[in-house]
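**Student:** Top line first, the protein sequences correspond to chains A and B.
For the first sequence, this note's numbering puts the final residue at 187, and the numbers step up evenly by one.
For the second sequence, this note's numbering puts the final residue at 187, and the numbers step up evenly by one.
Every residue gets a Cβ at the ideal spot worked out from N, C-alpha and C, and that includes glycine.
Please read all numbers here as calculations on a predicted model, not as lab measurements.
2 protein chains.
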Amino acid sequence: MTRSKPKVDFPTGKVRRFLEPGPIVLVSSSWRGQRNIMTLGWHTVLEFSPSLVGLMISAGNHSFELIRSSRECVINLPTTALTAEVVKIGNTSGAKLDKFAAFGLTPEAAAKVEAPLIGECHANFECRMHEDALVERYNFFIFEVVKAHVAPSPEHPRTLHYTGDGVFMESGRIISRRSLFRPELLD
Amino acid sequence: MTRSKPKVDFPTGKVRRFLEPGPIVLVSSSWRGQRNIMTLGWHTVLEFSPSLVGLMISAGNHSFELIRSSRECVINLPTTALTAEVVKIGNTSGAKLDKFAAFGLTPEAAAKVEAPLIGECHANFECRMHEDALVERYNFFIFEVVKAHVAPSPEHPRTLHYTGDGVFMESGRIISRRSLFRPELLD
């Protein structure tokens with residue numbers, strides 16, 4: 001069983017490091033005593049500072065109302081060690097079960113939001129709603145990452161990238177082209 | 001040199017297959033005799049039907065005005081065979097050079113938009129503006145994919161996923177968990 005991972009603070013302005021490559025994430029939420037986790041592959045980075053991310057959260061999900069009401073969530077980054085849990089979370093509804101308990105995941109207290117962190121994930125990004133203009137028409141939420149926690153190693157965790165139809169792509173080889181970039185484009 | 005790839009029609013409602021895993025894409029555009037290409041990693045799928053995708057196109061890019069004015073673009077999917085071209089495109093401005101000519105890329109006629117396809121890419125998704133409500137405040141464009149072209153093979157092309165700081169992650173191993181998914185979640 002995967003264990004809860006110790007993490008350190010990470011600059012919120014650099015979360016693109018983990019989100020821009022496009023991994024499946026686990027979004028945790030809580031509202032009035034209910035908590036839930038959903039899988040999500042439809043997200044994008046939108047800005048460095050403030051640290052903005054956009055999430056398309058389908059209204060059919062149990063998490064939708066928890067997140068819309070609380071105006072908060074946590075974006076958790078699973079590695080391939082959690083593949084089984086990712087699949088189970090995506091195939092069940094929080095209306096009928098507590099996914100933390102059912103799948104042996106550890107809820108940990110966040111620093112700035114009520115929604116729980118998932119201890120076993122490689123990184124946790126605490127988010128507050130920044131813009132809800134497109135929630136009604138497109139289920140598209142813009143959040144600000146207000147606190148980021150990241151496990152110090154490995155530097156390049158093996159993440160899961162969903163292609164649809166039950167098939168994931170695992171993150172692969174690292175290719176550095178740093179020497180070819182204009183300095184102002186580097187972090 | 002990578003050659004222009006023959007492609008076949010692909011269902012627009014299934015472009016998540018290629019975009020949800022989060023690859024770097026090349027966005028081509030044209031307006032009043034100018035054409036350009038930019039690299040883009042900040043995008044998300046938003047809906048199956050109509051086939052909607054969201055792109056954050058920074059206003060500092062030469063492509064921004066071409067795309068805002070024409071209300072069209074093409075999302076092109078490069079593989080690792082085009083890594084050098086991806087880096088060059090991201091490090092130069094279309095204000096000063098024609099990137100098709102400078103980097104040996106083949107502009108091909110699209111079916112439904114004026115912007116050119118990039119022949120050497122694995123897939124080309126022709127897009128028309130669907131929603132511009134967040135363009136002013138967030139540089140966030142919502143496009144409808146109106147025509148999709150995909151090379152028949154390989155089934156799982158090696159794509160590039162950007163982590164910032166000049167470093168890419170290459171797409172890796174394929175992991176199928178199809179047998180564990182509820183039927184209504186499969187394509």
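Looking only at its own chain, which residues have a Cβ that is under 6 Å from the Cβ of His149 (chain A), when we skip the five neighbours before and after it?
**Tutor:** Lys7 and Asn124
**Student:** Ile24 (chain A) and Leu117 (chain A): beta carbons closer than 8 Å?
**Tutor:** no
**Student:** Could you pull the start and end residues of the alpha helix (DSSP H) that Glu214 (chain B) belongs to?
**Tutor:** Here chain B covers residues 1 to 187 and nothing more, so residue 214 (chain B) does not appear.
**Student:** Anything in chain B within Cβ reach of Leu180 (chain A), meaning under 9 Å, just list it in chain order.
**Tutor:** Ala84, Val87, Lys88, Asn91 and Gly166
**Student:** Can you tell me whether Arg178 (chain B) is helix, strand or coil according to DSSP?
**Tutor:** helix
**Student:** Any C-beta of chain B sitting closer than 8 Å to the C-beta of Val45 (chain A)?
**Tutor:** Interface criterion met: the Cβ of Val45 (chain A) is under 8 Å from a Cβ in chain B.
**Student:** Does the distance from the C-beta atom of Gly22 (chain B) to that of Gly54 (chain A) stay below 8 Å?
**Tutor:** no
**Student:** Could you give the residue range of the alpha helix (DSSP H) that holds Ser69 (chain A)?
**Tutor:** Ser69 (chain A) -> alpha helix (DSSP H) spans His62 to Ser70.
**Student:** Is the shortest distance between the beta-carbon of Asp132 (chain A) and the beta-carbons of chain B less than 8 Å?
**Tutor:** no
**Student:** Spatial neighbours of Gly90 (chain B) within its chain, please: C-beta separation below 7 Å, excluding the five flanking residues on both sides.
**Tutor:** Within the same chain, Gly90 (chain B) has close Cβ partners Thr39.
**Student:** DSSP three-state call for Phe10 (chain A): helix, strand or coil?
**Tutor:** strand
**Student:** Return the chain-ordered list of same chain residues with a C-beta closer than 6 Å to the C-beta of Thr12 (chain B), the five sequence neighbours on each side being excluded.
**Tutor:** Ser51, Val145 and Ala148
**Student:** Kindly say whether Ile75 (chain A), judged by its beta-carbon, lies nearer than 8 Å to any beta-carbon of chain B.
**Tutor:** no
**Student:** What do you get for Ile67 (chain B), buried or exposed, if any count of 16 or more other CB atoms within 10 angstroms of its CB means buried?
**Tutor:** buried
**Student:** Is it true that the segment 167-180 of chain B meets the segment 27-43 of chain B, where meeting means three or more beta-carbon pairs spaced less than 8 Å apart?
**Tutor:** no
**Student:** Quickly, what does DSSP pair Val53 (chain B) with across the bridge? List them, please.
**Tutor:** B:Val45 and B:Phe143
**Student:** Spell out the partners DSSP gives Cys209 (chain A) in its beta bridges.
**Tutor:** Here chain A covers residues 1 to 187 and nothing more, so residue 209 (chain A) does not appear.
**Student:** If you measure beta-carbon to beta-carbon, which residues of the segment 50-64 of chain A are closer than 9 Å to chain B?
**Tutor:** Leu52, Gly54, Leu55 and Met56
**Student:** Whose C-alpha, out of B:Ile37, B:Asn36 and B:Pro78, is nearest the C-alpha of Pro154 (chain B)?
**Tutor:** For the residues B:Ile37, B:Asn36 and B:Pro78, the minimum Cα distance to Pro154 (chain B) belongs to B:Pro78.
**Student:** Any beta-carbon of chain A closer than 8 Å to the one on Phe140 (chain B)?
**Tutor:** yes
**Student:** Would you mind giving the Cβ-Cβ distance between Cys121 (chain A) and Cys73 (chain A), rounded to the nearest angstrom? I have them listed as a contact below 8 Å.
**Tutor:** No, Cys121 (chain A) and Cys73 (chain A) are not in contact; Cβ-Cβ is about 13 Å, not under 8 Å.
**Student:** Excluding the 5 residues preceding and the 5 following Ser49 (chain A) in the sequence, name in chain order all residues of the same chain whose CB lies nearer than 7 Å to its CB.
**Tutor:** Contacts found: Gly13.
**Student:** List, in order along the chain, the chain A residues whose C-beta lies closer than 8 Å to that of Met169 (chain B)?
**Tutor:** Near Met169 (chain B) (Cβ distances below 8 Å), the residues of chain A are Pro21, His156, Ser171, Gly172, Arg173, Ile174 and Ile175.
**Student:** Below 8 Å on the Cβ atoms is my contact criterion, and I expect Ala133 (chain A) with Ala102 (chain B) to pass it. Report the Cβ-Cβ distance as a whole number of Å.
**Tutor:** Ala133 (chain A) to Ala102 (chain B), Cβ: 39 Å. No contact.
**Student:** Are the beta-carbon atoms of Ile57 (chain B) and Phe141 (chain B) separated by less than 8 Å?
**Tutor:** yes
**Student:** Please state whether DSSP places Val227 (chain A) in a helix, a strand or coil.
**Tutor:** Given a span of 1 to 187 for chain A in the structure shown, any question on residue 227 (chain A) remains unanswerable.
**Student:** Leu105 (chain A) by DSSP, collapsed to three states: which one?
**Tutor:** coil
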